[in-house]
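Undergrad:
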Amino acid sequence: MSEIKQLIEKIRQFRDERDWMQFHDHKNMAISIIIEAAELLEHFQWKEKDEIDEYMARHLDEIEEEIADIAIYLFELADNLKLDLSQAKL
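The numbering of the sequence shown is UniProt numbering, which starts it at 1 and goes up by one.
(1) Restricting to Cα atoms, I'd like to know which of Ala38, Ala30, Ile31 is closest to Glu65.
(2) For a test of the three-state rule: what should DSSP assign to Lys82, helix, strand or coil?
(3) Taking the alpha-carbon of Ile67 as reference, which of Glu42, Ala88, Leu83, Asp53 has the nearest alpha-carbon?
(4) Quick one: give me the first and last residue of the alpha helix (DSSP H) that Phe14 is part of.
(5) Please go through the same chain and pick out, in chain order, the residues whose beta-carbon is closer than 8 Å to the beta-carbon of Ile4, but skip the five residues on each side of it.
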């Protein structure tokens with residue numbers, strides 16, 4: 001099993017243990033991706049290029065969490081749509 005498929009299986013288990021599938025329709029998943037992307041963008045908003053490295057050093061954990069949230073929603077949406085990202089063309 002590919003690493004992507006293993007990750008998707010973990011995401012499914014996490015979601016199903018909480019009975020969240022009822023809320024995770026395609027529309028809500030797409031909205032959630034954009035919301036999380038906006039939360040990621042907030043970390044960089046209004047910062048000059050020379051401020052970013054210092055800011056990232058202090059907030060890397062928060063940035064990592066936002067990126068993980070985006071990835072989780074993206075993988076779940078693809079899975080719900082029966083898309084096999086491990087076979088996606090690059």
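Using N, Cα and C, we set each Cβ at its ideal position, and we do this for glycine too.
TA: Answer, in terms of the structure:
(1) Its Cα nearest to that of Glu65, the residue Ala38 stands out among Ala38, Ala30, Ile31.
(2) Coil.
(3) Glu42
(4) 3-17
(5) Hits under 8 Å: Phe75, Leu85, Ser86.
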